[in-house]
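Below is one structure, written out as structure tokens; the observations come after it.
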Amino acid sequence: MQINPLSDVLGAEIIGTDVGNLDDAAFDEVHDAFLKHHVLVFRAQDLPPEKQINFAQRFGELDIHIQKDNKYSGHEAIQILSNKKVNGKFVGSPSAGEAWHSDLSYTDIPTLCTMLYAVEIPEVGGDTEWSNMYLAYEGLSEKMKRKIDGLHARHTFNRFRNPRVEVPDVYKGKGKERYVDIAPPDAIHPVVRTHPETGRKALYISERFTIGIEELEEEEGQALLDELIAHQKQRDFIYRHKWDLRDLTIWDNRCLIHLACGGVPEGQIRHMHRTIVRGDKPY
Ligand SMILES: [Fe+2]
Numbered sequence: 002m003q004i005n006p007l008s009d010v011l012g013a014e015i016i017g018t019d020v021g022n023l024d025d026a027a028f029d030e031v032h033d034a035f036l037k038h039h040v041l042v043f044r045a046q047d048l049p050p051e052k053q054i055n056f057a058q059r060f061g062e063l064d065i066h067i068q069k070d071n072k073y074s075g076h077e078a079i080q081i082l083s084n085k086k087v088n089g090k091f092v093g094s095p096s097a098g099e100a101w102h103s104d105l106s107y108t109d110i111p112t113l114c115t116m117l118y119a120v121e122i123p124e125v126g127g128d129t130e131w132s133n134m135y136l137a138y139e140g141l142s143e144k145m146k147r148k149i150d151g152l153h154a155r156h157t158f159n160r161f162r163n164p165r166v167e168v169p170d171v172y173k174g175k176g177k178e179r180y181v182d183i184a185p186p187d188a189i190h191p192v193v194r195t196h197p198e199t200g201r202k203a204l205y206i207s208e209r210f211t212i213g214i215e216e217l218e219e220e221e222g223q224a225l226l227d228e229l230i231a232h233q234k235q236r237d238f239i240y241r242h243k244w245d246l247r248d249l250t251i252w253d254n255r256c257l258i259h260l261a262c263g264g265v266p267e268g269q270i271r272h273m274h275r276t277i278v279r280g281d282k283p284y
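Start counting the sequence shown at 2; every next residue gets the next number (the working numbering).
So this is what it looks like as structure tokens:
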């Protein structure tokens with residue numbers, strides 16, 4: 002197994018490995034690399050849905066996303082992210098992830114890891130960025146670390162309650178129920194979480210899902226969030242991935258947040274299969 006770091010801050014590609022054919026020793030090596038690099042990119046995978054599901058299950062229990070209408074037929078653990086239309090209707094979620102977030106942080110038990118498989122990629126655009134939230138935390142001043150230690154943040158799925166994000170046109174008006182009706186109750190999580198496997202501390206807020214700080218007055222909480230979000234967006238913490246066809250990426254949502262960079266021109270297709278593995282309650 003050849004493991005090549007992709008940047009100084011996070012990510013490694015794995016060459017010459019079929020994720021459907023890993024014995025326990027090889028999986029242990031993959032798992033160690035996952036904790037060390039936080040994003041793994043397995044190149045040139047041949048990955049039908051059942052094989053992706055089997056590999057994901059080696060990391061833990063699969064979770065099912067609350068957006069029920071983007072499931073792969075016959076495999077509800079596979080969510081389709083796609084701008085493809087058939088008979089005028091999107092075959093998957095066309096607008097997922099265009100603001101920084103950690104998957105399912107708006108639930109009590111957020112995602113441990115996400116896997117994304119590139120079925121079709123555009124010639125231009127469609128990159129993904131990850132920000133290393135261990136490094137973002139460690140890069141804060143001692144004063145700021147003391148300030149946020151012990152604080153809790155409120156996370157919501159409902160875009161209409163978050164002034165930091167846009168509501169895509171397709172979900173305005175008639176589509177409003179998409180965010181309002183299916184949003185679970187808000188989740189409250191520590192602003193600084195401890196990774197349950199490495200013991201390292203990571204910042205745990207995001208532009209997309211975090212809407213306030215529980216212990217602070219509204220104005221002060223928003224100012225703090227603005228500061229932490231601007232801090233997290235520094236290029237020093239970020240790796241940008243340009244996808245190859247049949248890349249399978251897996252990333253650790255407990256210490257990273259991510260962004261779909263968009264910019265796919267009209268007429269080009271980006272079509273991905275996503276699986277998510279359930280984590281545990283952040284602490
Ligand atoms: Fe995501």
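Glycine residues also receive a C-beta, built at the ideal position from the N, C-alpha and C atoms.
Keep in mind the model is a prediction, meaning the values are calculated, not measured.
inquiry  = Let's see if you can read the secondary structure: which residues bound the alpha helix (DSSP H) around TYR135?
reply    = 134-139
inquiry  = Would you say the beta carbon of VAL115 is closer than 7 Å to some non-hydrogen atom of ligand 1?
reply    = The question names Val, but residue 115 is Thr in the sequence shown. At least one heavy atom of ligand 1 is nearer than 7 Å to the Cβ of THR115, so yes.
inquiry  = Helix, strand or coil, according to DSSP, for VAL193 in the structure here?
reply    = strand
task = Check whether the Cβ of GLY200 lies closer than 7 Å to any heavy atom of ligand 1, and answer yes or no.
result = no
key: Between the CA atoms of ILE214 and ALA261 - distance to the nearest angstrom   = 25 Å
task = List the endpoints of the continuous beta strand (DSSP E) containing ARG147.
result = That residue, ARG147, is in no beta strand (DSSP E); its alpha helix (DSSP H) goes 143-149.
query = Between ASP248 and ligand 1, is the CB less than 7 Å from at least one heavy atom?
reply = no
message = What does the Cβ neighbour count give for LEU246, buried or exposed, with the cut at 16 atoms within 10 Å?
response = exposed
Straight-line Cα distance separating ILE239 from LYS285 = Past the edges of the chain, shown from 2 to 284, lies residue 285, and the structure says nothing about it.
key: Nearest candidate by alpha-carbon position, reference SER28, set ALA100, PHE60, GLY200   = Position check: residue 28 holds Phe in this sequence, whereas Ser was assumed. Comparing Cα-Cα distances from PHE28 to each of ALA100, PHE60, GLY200, the minimum goes to PHE60.
query = Could you check where the alpha helix (DSSP H) with ASN55 kicks off and where it finishes?
reply = 50-58
query = For the alpha helix (DSSP H) that contains GLN233, what are its first and last residues?
reply = 219-233
request  = For PRO237, count neighbouring Cβ atoms within 10 angstroms of its own Cβ and tell me buried if that reaches 16, exposed if not.
outcome  = Checking the sequence shown, residue 237 turns out to be Asp, not Pro. Its Cβ having fewer than 16 others within 10 Å, ASP237 is exposed.
query = To which residues of the same chain is HIS274 closer than 7 Å at the C-beta, ignoring the five residues directly before and after it?
reply = PRO50, GLN53, TYR73, ILE79, ILE81, TYR118, VAL120
ask   = Using 8 Å as the Cβ pair cut-off and three pairs as the minimum, do the stretch 107-114 and the stretch 261-270 touch?
value = no
Delimiting residues of the alpha helix (DSSP H) encompassing LYS243 = Where LYS243 is concerned, there is no enclosing alpha helix (DSSP H), given that its DSSP letter is neither H nor E.
Chain C contact for TYR73 (CB, 8 Å cutoff) = Among the chains of the structure shown, chain C does not appear; only one protein chain is present.
ask   = By DSSP, does LYS202 sit in helix, in strand, or in coil?
value = strand
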